[in-house]
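> In mature numbering (1 follows the signal peptide of the UniProt record, and there is no 0), the protein residues as written are -22 to -1, 1 to 307.
Attaching a single structure in structure tokens format; questions to follow.
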């Protein structure tokens, strides 16, 4: 279906006082002036790479930010979206991999529009839109690696991470971009429910780490997170210092998740096989320390690997967990 948006290039700038959106905790205080942010809508005829979804429509924007480098964003609107009835919002990382295998580097995709559209049409989940934020290839690891866990690393691991990130941590800036700039824009531009209970975030691998981190850093903004094939090893090789640091960080923030949902999963093939003991340790931590109001689940998928095809095959699981009104797992 082609995009029906009327403008070829429509610029949006937001200057909002976000007192209603400020999360608890000084480290998460939001800046009221976001004049450095802009979102320019791109018409379908001007960009042949804009995905043509199986259901609904996709609107593409070019973004500039005070906190991150410029990038693209694809917003998927389901057939149920009519501009009158507010929808929930799911923010997803690696946005260029979500909708159309024709334009991805490995010719795979998450099939977000197919899976989400089917669940919505069948009434299995509440209607929601998907905000697919493209990654910055050069800084993806730095933007998705939870900065809050760095304090728990030994000096040798910190040095290794600093070398990988060229000395510049970027995850907290990425989350400021999401919460200070992007969410206010989405709330203004589209007919959505802005409440925490209707705002979710999801990703895979490093995107799983940053989704977990976003929920724990901004529990007043996000109501739930889905982390598929979470990259607990941190870098490319096994180093127990990284999963231990993630668990220490989680342990110190769990008490904030008093009315939230947290989904984890993993496969058993390839890179995902390395996550099995680390996910088990996180599951034990959640079992021992999770607040009563936190719904959490961890799923194992036999034979599944670390790729978009396998994530697409089970995408309905996290969507049902997050989006079902009855909150059934």
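Beta carbons are placed, not taken as given, at the ideal position from N, Cα and C, and that holds for glycine.
If you check the beta carbons only, do residue 86 and residue 295 fall under 8 Å apart?
Along the chain shown, one-based indexing puts residue 86 at 108. Along the chain shown, one-based indexing puts residue 295 at 317. In this structure, residue 86 keeps its C-beta atom at 8 Å or more from the C-beta atom of residue 295.
> Kindly confirm or deny that the region 152 to 166 and the region 236 to 247 touch, where touching means at least three C-beta pairs closer than 8 Å.
no
> With a 10 Å radius around its C-beta and 16 neighbouring C-beta atoms as the bar for buried, classify residue 19 as buried or exposed.
Locating residue 19 in the chain shown gives position 41, where the first residue counts as 1. Classification of residue 19: buried, given that the 10 Å Cβ count is 16 or more.
> Taking residue 174 as the reference, give the member of 65, 131, 80 with the closest Cα.
Residue mapping note: residue 174 aligns to position 196 of the chain shown, counting from 1. When only C-alpha atoms are compared, the closest one is 65.
> With distance defined between alpha-carbon atoms, name the residue in 135, 165, 158 nearest to residue 53.
One-based indexing of the chain shown puts residue 53 at position 75. Nearest C-alpha to residue 53: 165.
> Which residue marks the beginning of the beta strand (DSSP E) containing residue 19, and which one marks its end?
As a working note, residue 19 is residue 41 in the chain shown. Where residue 19 is concerned, the enclosing beta strand (DSSP E) stretches over 16 to 20.
> Go through its chain and collect everything with a Cβ distance to residue 144's Cβ below 8 Å, but skip five positions before and after it.
Residue numbering aside, residue 144 sits at position 166 when the chain shown is read from its first letter. Correct list, in chain order: 120.
> Kindly identify the DSSP beta-bridge partner or partners of residue 107.
Locating residue 107 in the chain shown gives position 129, counting from the first residue. DSSP lists 67 as partners of residue 107.
> Rounded to whole angstroms, what is the Cα-Cα separation between residue 345 and residue 74?
Limits of the chain in this structure are -22 at one end and 307 at the other, which puts residue 345 out of reach.
> Return the CA-CA distance between residue 146 and residue 118, expressed in angstroms with no decimal places.
As a first step, residue 146 is located in the chain shown; it is residue number 168 there, counting from the start. As a first step, residue 118 is located in the chain shown; it is residue number 140 there, counting from the start. Their backbone Cα atoms lie some 12 Å apart in a straight line.
> Which whole-angstrom value describes the C-beta separation of residue 229 and residue 263, a residue pair presumed to lie in contact below a C-beta threshold of 8 Å?
The residue given as residue 229 occupies position 251 in the chain shown. The residue given as residue 263 occupies position 285 in the chain shown. Residue 229 to residue 263, Cβ: 6 Å. Contact.
> Quick test of your reading: residue 124 and residue 224, contact by CB under 8 Å. State the CB separation rounded to the nearest angstrom.
Residue 124 sits at position 146 when you count from the first residue of the chain shown. Residue 224 sits at position 246 when you count from the first residue of the chain shown. Residue 124 to residue 224, Cβ: 7 Å. Contact.
> Could you tell me which of 273, 272, 111, 278 sits nearest to residue 257, measuring between CA atoms?
Here residue 257 refers to the residue found at position 279 when the chain shown is read from its first residue. Nearest C-alpha to residue 257: 278.
> Give the single residue among 299, 246, 252, 261 whose Cα lies nearest to the Cα of residue 282.
As a position in the chain shown, residue 282 is number 304, starting the count at 1. Of 299, 246, 252, 261, the residue nearest in Cα terms is 246.
> Where does the unbroken alpha helix (DSSP H) through residue 165 begin, and where does it stop?
Counted from its first residue, the chain shown places residue 165 at position 187. Here the alpha helix (DSSP H) through residue 165 covers 161 to 167.
> With respect to the beta strand (DSSP E) encompassing residue 275, which residues constitute its N-terminal and C-terminal limits?
Position 297 of the chain shown holds residue 275. Per DSSP, residue 275 belongs to the beta strand (DSSP E) from 272 to 279.
> Might you give, ordered along the chain, the residues of its own chain that have their beta carbon closer than 6 Å to the beta carbon of residue 82, omitting 5 neighbours on each side?
For the purposes of this step, residue 82 is taken as residue 104 along the chain shown, with counting starting at 1. Contacts found: 75.
> DSSP has residue 35 in a bridge; who is on the other side?
Position 57 of the chain shown holds residue 35. According to DSSP, residue 35 bridges with 55.
> How many Å lie between residue 156 and residue 170 at the Cα?
The count along the chain shown starts at 1 and reaches residue 156 at position 178. The count along the chain shown starts at 1 and reaches residue 170 at position 192. Near 16 Å, if we compare the C-alpha coordinates of residue 170 and residue 156.
> Would you check if the distance between the CB atom of residue 111 and the CB atom of residue 184 is smaller than 8 Å?
What you label residue 111 is simply residue 133 of the chain shown in a count that begins at 1. What you label residue 184 is simply residue 206 of the chain shown in a count that begins at 1. Cβ atoms of residue 111 and residue 184: not closer than 8 Å.
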